[in-house]
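Undergrad:
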Amino acid sequence: MKKDLMEILACPLCKGPLELSIEEEDEKEVIKGSLRCNKCSVSYPIEDSIPNLLPPELHS
Amino acid sequence: MKAKKAEEIKKFVRERYAEIARQQTSSCCAPQSKEASSCCSSRTSEESRAHRLYSKEELESISANIPSLGCGNPTALSELKENEVVLDLGSGAGLDSILAAQKVGPGGRVFGLDMTPDMIRLARTNAKDLALDNVEFRLGEMEHMPIESSSVDVAISNCVINLSPDKDAVFGEVFRVLKPGGRLSVSDIVTYGELPAEIRGNLAQWAGCVAGALDEKKYLEKIRAAGFVQVELKEEGPHPYQEKTACGVQTGNQIASVTVTAYKPK
Numbered sequence: 016m017k018k019d020l021m022e023i024l025a026c027p028l029c030k031g032p033l034e035l036s037i038e039e040e041d042e043k044e045v046i047k048g049s050l051r052c053n054k055c056s057v058s059y060p061i062e063d064s065i066p067n068l069l070p071p072e073l074h075s
Numbered sequence: 004m005k006a007k008k009a010e011e012i013k014k015f016v017r018e019r020y021a022e023i024a025r026q027q028t029s030s031c032c033a034p035q036s037k038e039a040s041s042c043c044s045s046r047t048s049e050e051s052r053a054h055r056l057y058s059k060e061e062l063e064s065i066s067a068n069i070p071s072l073g074c075g076n077p078t079a080l081s082e083l084k085e086n087e088v089v090l091d092l093g094s095g096a097g098l099d100s101i102l103a104a105q106k107v108g109p110g111g112r113v114f115g116l117d118m119t120p121d122m123i124r125l126a127r128t129n130a131k132d133l134a135l136d137n138v139e140f141r142l143g144e145m146e147h148m149p150i151e152s153s154s155v156d157v158a159i160s161n162c163v164i165n166l167s168p169d170k171d172a173v174f175g176e177v178f179r180v181l182k183p184g185g186r187l188s189v190s191d192i193v194t195y196g197e198l199p200a201e202i203r204g205n206l207a208q209w210a211g212c213v214a215g216a217l218d219e220k221k222y223l224e225k226i227r228a229a230g231f232v233q234v235e236l237k238e239e240g241p242h243p244y245q246e247k248t249a250c251g252v253q254t255g256n257q258i259a260s261v262t263v264t265a266y267k268p269k
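So the protein sequences, as listed, match chains G and X. Here the numbering used here is used: the first residue of the first sequence is 16, the next is one more, and so on. Here the numbering used here is used: the first residue of the second sequence is 4, the next is one more, and so on.
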């Protein structure tokens with residue numbers, strides 16, 4: 016996920032803001048990490064630079 | 004539609020399109036179907052489909068051989084301008100998102116949304132090959148968009164909304180994420196009259212963009228019900244189902260490929 020394209024992201028459930036945590040990154044991209052919605056208490060994983068923003072029941 | 008059936012449809016569609024992404028084929032129909040005159044056709048007809056839907060200049064600009072599973076050219080339809088923010092619903096292998104990214108330029112942004120991880124990976128690879136910095140692909144559902152409200156100038160979609168078992172949710176979400184005055188430009192499949200129950204209930208026909216297609220009037224009603232105005236539909240012909248079959252099923256003249264434009268009021 017490109018760091019400068021973080022804008023307009025929202026939680027797919029409540030549409031509220033997401034908090035980014037970075038575990039691995041390069042110059043342009045977040046490679047591994049998560050996007051957390053504190054309101055819904057759900058973390059959306061970022062793996063292989065792809066943010067998984069499917070509703071939680073579909074994360075598998 | 005019952006929730007269980009809706010989930011079953013989504014799961015089937017996701018698995019089918021994952022398979023398409025892995026094989027990089029251009030058929031959206033079930034593998035057992037070999038109907039030559041439909042979207043089930045082999046890669047040989049893929050080239051002619053792309054050439055029918057997209058201009059020579061557009062295809063040359065991407066230089067990569069990115070398959071299209073679409074039935075139209077929504078980026079051309081949407082008359083994208085520089086610096087616009089675009090959302091591509093069901094971005095697939097990324098062709099429309101990539102064309103949109105070139106049209107909105109470095110100051111614009113394109114977000115491709117798809118519920119199939121293999122498609123997202125394929126689209127990312129295709130965009131990376133072209134060194135585009137203004138396009139991003141996200142794994143998500145069009146019924147539950149992970150997008151801020153009133154943040155998008157243009158929503159495009161190419162033959163995908165018919166796949167959703169909950170089109171009210173899709174159009175409601177498109178309306179929510181568009182900025183006031185924002186527009187929807189969609190290529191999709193509609194029917195004229197109700198399809199027979201045996202087609203409607205067939206999951207393979209759903210994945211093949213047949214069973215989920217709505218009657219034209221209902222389709223437009225749902226768009227208007229979401230709040231859109233200036234809703235206009237144009238028939239583009241029988242594509243991708245030439246003749247009278249689609250994915251091996253006799254549908255008569257009941258199915259058409261259309262383009263629809265609509266606006267969120269200012």
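Where is the CB? At the ideal position from N, CA and C, for every residue including glycine.
Run through chain X and tell me which residues come within less than 9 Å of C26 of chain G, C-beta to C-beta.
TA: Position 11 of the first sequence, counted from the start, is the residue given in the question as residue 26 of chain G. Here the neighbours are P149.
Undergrad: As a quick exercise: from X:G95, X:A104 and X:N76, pick the residue whose alpha carbon is nearest that of E87 of chain X.
TA: Your numbering for residue 87 of chain X matches position 84 in the second sequence. Taking only the C-alpha atoms, the option nearest E87 of chain X is X:A104.
Undergrad: Identify every residue that forms a DSSP beta bridge with T194 of chain X.
TA: Looking up residue 194 of chain X in the second sequence gives position 191. Beta-bridge pairing links T194 of chain X to X:D218 and X:I258.
Undergrad: Between which two residues does the alpha helix (DSSP H) harbouring G175 of chain X extend?
TA: Position 172 of the second sequence, counting from 1, holds the residue named residue 175 of chain X. K170 to V180 is the extent of the alpha helix (DSSP H) around G175 of chain X.
Undergrad: When the Cα atoms are used, what is the spatial distance from K47 of chain G to E39 of chain G?
TA: Numbered from 1 along the first sequence, position 32 holds the residue referred to as residue 47 of chain G. Numbered from 1 along the first sequence, position 24 holds the residue referred to as residue 39 of chain G. Rounded to whole angstroms, K47 of chain G to E39 of chain G spans 5 Å at the Cα level.
Undergrad: Since M145 of chain X and L217 of chain X should fall inside the 8 Å C-beta cutoff, what is the C-beta to C-beta distance between them, to a whole number of angstroms?
TA: Position 142 of the second sequence, counted from the start, is the residue given in the question as residue 145 of chain X. Position 214 of the second sequence, counted from the start, is the residue given in the question as residue 217 of chain X. Actually they are not in contact, since the Cβ atoms of M145 of chain X and L217 of chain X sit about 15 Å apart, beyond 8 Å.
Undergrad: Kindly confirm or deny that the region 69–80 of chain X and the region 99–115 of chain X touch, where touching means at least three C-beta pairs closer than 8 Å.
TA: yes
Undergrad: Can you give the Cα-Cα distance for F140 of chain X and V193 of chain X, rounded to whole angstroms?
TA: Counting from one through the second sequence, the residue named residue 140 of chain X turns up at place 137. Counting from one through the second sequence, the residue named residue 193 of chain X turns up at place 190. The straight-line gap from Cα to Cα measures roughly 27 Å.
Undergrad: Determine, for M118 of chain X, whether the minimum Cβ-Cβ distance to residues of chain G falls below 8 Å.
TA: Taking the first residue of the second sequence as position 1, residue 118 of chain X is located at position 115. Yes, its Cβ sits closer than 8 Å to a Cβ of chain G.
Undergrad: Might you give, ordered along the chain, the residues of its own chain that have their beta carbon closer than 6 Å to the beta carbon of H242 of chain X, omitting 5 neighbours on each side?
TA: Translated into the one-based positions of the second sequence, residue 242 of chain X becomes position 239. Because H242 of chain X sits at a pLDDT of 44, beneath the cut-off of 50, its placement in the model cannot be relied upon, and the following sentence gives the value as read from the coordinates. Here the set comprises C74 and S260.
Undergrad: Quick test of the definition: if touching needs 3 or more C-beta pairs under 8 Å, does the region 126–143 of chain X touch the region 175–195 of chain X?
TA: no
Undergrad: On the three-state DSSP scale, how would you describe S64 of chain G?
TA: The residue given as residue 64 of chain G occupies position 49 in the first sequence. Three-state DSSP puts S64 of chain G in coil, outside helix and strand.
Undergrad: Could you tell me which residues DSSP pairs with G48 of chain G in its beta bridges?
TA: As a working mapping, residue 48 of chain G is identified with position 33 in the first sequence. The partner list for G48 of chain G (beta bridge, DSSP) reads G:I37 and G:I61.
Undergrad: State the start and end residues of the unbroken alpha helix (DSSP H) segment that holds S64 of chain X.
TA: Taking the first residue of the second sequence as position 1, residue 64 of chain X is located at position 61. Residues K59 to I65.
Undergrad: Candidates X:Q257, X:L72 and X:E224: which alpha carbon is nearest G196 of chain X's?
TA: The count along the second sequence starts at 1 and reaches residue 196 of chain X at position 193. With distances taken between Cα atoms, G196 of chain X lies closest to X:Q257.
Undergrad: Could you give the DSSP three-state label for V107 of chain X: helix, strand or coil?
TA: As a position in the second sequence, residue 107 of chain X is number 104, starting the count at 1. Helix at V107 of chain X.
Undergrad: Helix or strand or just coil, what does DSSP make of S71 of chain X?
TA: Residue mapping note: residue 71 of chain X aligns to position 68 of the second sequence, counting from 1. DSSP places S71 of chain X in coil when its eight states are reduced to three.
Undergrad: To the nearest angstrom, how far is the alpha carbon of E10 of chain X from that of G111 of chain X?
TA: In the second sequence, counting from the first residue as 1, residue 10 of chain X sits at position 7. In the second sequence, counting from the first residue as 1, residue 111 of chain X sits at position 108. Approximately 35 Å between the Cα atoms of the pair.
Undergrad: Look at S81 of chain X and I159 of chain X and say whether their C-beta atoms are less than 8 Å apart.
TA: In the second sequence, the residue the question calls residue 81 of chain X occupies position 78. In the second sequence, the residue the question calls residue 159 of chain X occupies position 156. Yes, they are a contact pair.
Undergrad: Rounded to whole angstroms, what's the CA-CA distance from N53 of chain G to I61 of chain G? Just pull it up for me.
TA: For this step, residue 53 of chain G is matched to residue 38 along the first sequence. For this step, residue 61 of chain G is matched to residue 46 along the first sequence. Using only the alpha carbons, I get a separation of about 16 Å.
Undergrad: With distance defined between alpha-carbon atoms, name the residue in X:R124, X:K267 and X:R127 nearest to S188 of chain X.
TA: The sequence position of residue 188 of chain X within the second sequence is 185, counting from 1. Residue X:K267 is the option with its Cα nearest to S188 of chain X.
Undergrad: Show which residues of chain X have a CB atom less than 7 Å away from the CB atom of P66 of chain G.
TA: By one-based count along the first sequence, residue 66 of chain G stands at place 51. Result: R141 and L142.
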